[in-house]
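Asker: So the sequence shown is numbered by numbering that gives the first Met the number 0: it starts at 0 and just counts up by one.
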Amino acid sequence: MTVTEIAIIRIHAGVTDSTLRDVLSGATLIQEAWHARAYPDRPSSTSARAVACFRGIDDETQVIITTNWGCVEEHWQWILSDDNKQLMEGSNLTDIIANAGPPNQPGGLSLSHLDTDIFGSSHAPDTIALLDSPVISLEQFVVDTDKKEIFAETLAKVKASMDKVVHPHLVRSGRTVDREAEGEEFMLVSGWSCVESHTQEFAASSESSLYSQLAGIASSVETQHYRRFL
0 MTVTEIAIIR IHAGVTDSTL RDVLSGATLI QEAWHARAYP DRPSSTSARA
50 VACFRGIDDE TQVIITTNWG CVEEHWQWIL SDDNKQLMEG SNLTDIIANA
100 GPPNQPGGLS LSHLDTDIFG SSHAPDTIAL LDSPVISLEQ FVVDTDKKEI
150 FAETLAKVKA SMDKVVHPHL VRSGRTVDRE AEGEEFMLVS GWSCVESHTQ
200 EFAASSESSL YSQLAGIASS VETQHYRRFL
């Protein structure tokens, strides 16, 4: 089962897009070479694994790195590999990342894996892939376990409703498969032409009422907007 890595990192204020691009593009090439050695029978290029980096629009110190993996364990093989350890020790990553500690630990980045292919899945010719959208929104919902089923049912309805609003952009959703904290986590990723298309046009549409029901089921909701830079 393909899982989608959602790594949310904090960078120091003032880091430019060009610096981020230079440092992270070098890191992705090292990961690509490792993947090709570890899994020679599988596609390893950044495009084949939907590797991408997004920078926050609401908060420019927030960056998302996303990658497709065959499973959660495959990603952890990379994290624990000598190649990754050498990369973290010998590159400029630690100079720009404010939360470079172990994932999901104090001082570390936030790491989740969703149960589906969010960014690399096929799409109709008349639509715009999420990786090509000028803006994406990432909405994180934490749901009490006893409300998981009703939330998932409502989320499916919201996604179908939003599909009509965001077209030709796309809407994708998934559940975090390795959440260690209490409750369940779901994420909703949508493409937009601009932030205002989400915060104003969608918010004023009739479809937003169903979304309000969805948010009401969740115990917490966090929404951020991002633009791709790599």
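Even glycine gets a Cβ: it sits at the ideal position worked out from N, Cα and C.
1. With a cut-off of 8 Å on the beta carbons, I'd call residue 190 and residue 135 a contact; round off their distance for me.
2. For residue 87, name the three-state secondary structure that DSSP assigns.
3. In the DSSP assignment, what residue or residues form a beta bridge with residue 67?
4. To the nearest angstrom, how far is the alpha carbon of residue 73 from that of residue 205?
5. Are the beta-carbon atoms of residue 20 and residue 226 separated by less than 8 Å?
6. Is the stretch 43–53 touching the stretch 16–35 in the sense that three or more CB pairs, one from each, lie closer than 8 Å?
7. Can you tell me which residues form a DSSP beta bridge with residue 170?
8. Name, in chain order, the residues that DSSP records as bridge partners for residue 62.
9. If I'm right that residue 170 touches residue 71 with Cβ under 8 Å, what's the distance once you round it to whole angstroms?
10. Within its chain, find whatever has a CB closer than 7 Å to the CB of residue 18; leave out the 5 residues flanking it on each side and keep chain order.
11. For residue 224, count the other beta carbons within 10 Å of its own beta carbon; 16 or more makes it buried, fewer makes it exposed. Which is it?
12. With a 10 Å radius around its C-beta and 16 neighbouring C-beta atoms as the bar for buried, classify residue 208 as buried or exposed.
13. Alpha carbon to alpha carbon, how far is residue 69 from residue 79?
14. For the candidate residues 173, 199 and 201, whose alpha-carbon lies nearest to that of residue 4?
15. Expressed to the nearest angstrom, what Euclidean distance is found between the alpha-carbon atoms of residue 129 and residue 81?
16. Going by other Cβ atoms of all chains shown within 10 Å of its Cβ, with 16 needed for buried, is residue 38 buried or exposed?
17. Look at residue 217 and residue 150 and say whether their C-beta atoms are less than 8 Å apart.
18. The alpha helix (DSSP H) spanning residue 175 covers which residue range?
19. Is DSSP giving residue 41 helix, strand or coil here?
20. Given that a residue counts as buried once 16 or more other Cβ atoms are within 10 Å of its Cβ, and exposed if not, what is residue 91?
Answerer: In this structure, then:
1. Taking 8 Å as the upper bound for CB-CB distance, residue 190 and residue 135 are in contact here, some 6 Å apart.
2. Correct three-state label for residue 87: helix.
3. Residue 67 pairs with 3.
4. Cα to Cα, the separation comes out at about 42 Å.
5. The answer is no: Cβ separation not under 8 Å.
6. By the Cβ test, the stretch 16–35 is in contact with the stretch 43–53, since at least three Cβ pairs between them sit closer than 8 Å.
7. DSSP output for residue 170 lists 189 as bridge partner(s).
8. Among the bridge pairs identified by DSSP, residue 62 is matched with 8 and 54.
9. Not quite, the Cβ-Cβ distance comes to about 24 Å (not below 8 Å), so this is no contact.
10. So the list reads 95, once near-sequence residues are dropped.
11. Per the 10 Å Cβ criterion, buried.
12. It counts as exposed.
13. Computed Cα separation, rounded: 16 Å.
14. The candidate whose alpha carbon is nearest that of residue 4 is 173.
15. Cα-Cα distance, rounded: 32 Å.
16. Residue 38 should be labelled exposed.
17. Yes, the pair counts as a contact, with Cβ atoms nearer than the cut-off.
18. No alpha helix (DSSP H) holds residue 175; DSSP gives it neither H nor E.
19. Reduced to three states, the DSSP call for residue 41 is coil.
20. In this structure residue 91 is exposed. Its beta-carbon is surrounded by fewer than 16 other beta-carbon atoms within 10 angstroms.
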